[in-house]
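The sequence shown runs contiguously to residue 187 in my numbering. Positions of the beta carbon are idealized from the N, C-alpha and C atoms, including for glycine.
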Amino acid sequence: MITINKDGRLRLVGNGATTVTVNNGGVERKLDVLVEVNTDPNHPPVADPGQTQTVYSGERVVLNGLKSYDPEGGSLKYSWAQVRGSRIALLDPDSEKARFFAPFVVEPRLFRFTLRVTDVQGADSDPAVIDIMVEP
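See below:
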């Protein structure tokens, strides 16, 4: 169904095809319109940062979010953040694999990171947590 709002804009409701005819000063133009409403729900993606890791001071650490997925099969944007432990320089926090070098510690220290993923339709995952235990 096509209606005209008070402001003069067309409003299309439903699925299907129609032709809109516009007459302006005796000049007539036709426009074919196809309306398709996507009724499939967009489910949020799932972030998977992997399992807890134990590493040693100075070691290169890779946070791997490649097991994250979108139920509809779309591509993802990644966002890693550190939420516990002394501040670490996180490399590539907006990629599926973020990296850092484990800091030098004199006793075991826990570092926690979260991963959030966003699908192409803008739905965000819940944050998923990974712990990294750094040993001296």
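- Asp-83 is bridged by DSSP to Thr-70.
- Just so you know, the alpha carbons of Val-156 and Val-106 end up roughly 11 Å apart.
- For the pair Gly-136 and Phe-162, the CB atoms are nearer than the 8 Å cut-off.
- A residue is called buried once 16 or more other Cβ atoms fall within 10 Å of its Cβ, and Leu-127 is buried on that count.
- When secondary structure is reduced to three states using DSSP, Leu-117 falls in the coil class, being assigned neither helix nor strand.
- Between Arg-167 and the set Gly-101, Ile-139, Pro-154 and Asn-56, the nearest pair of CA atoms involves Gly-101.
- In the displayed model, Thr-103 falls within coil according to three-state DSSP, outside both helix and strand.
- If you draw a straight line from the Cα of Val-97 to the Cα of Asp-182, it is about 18 Å long.
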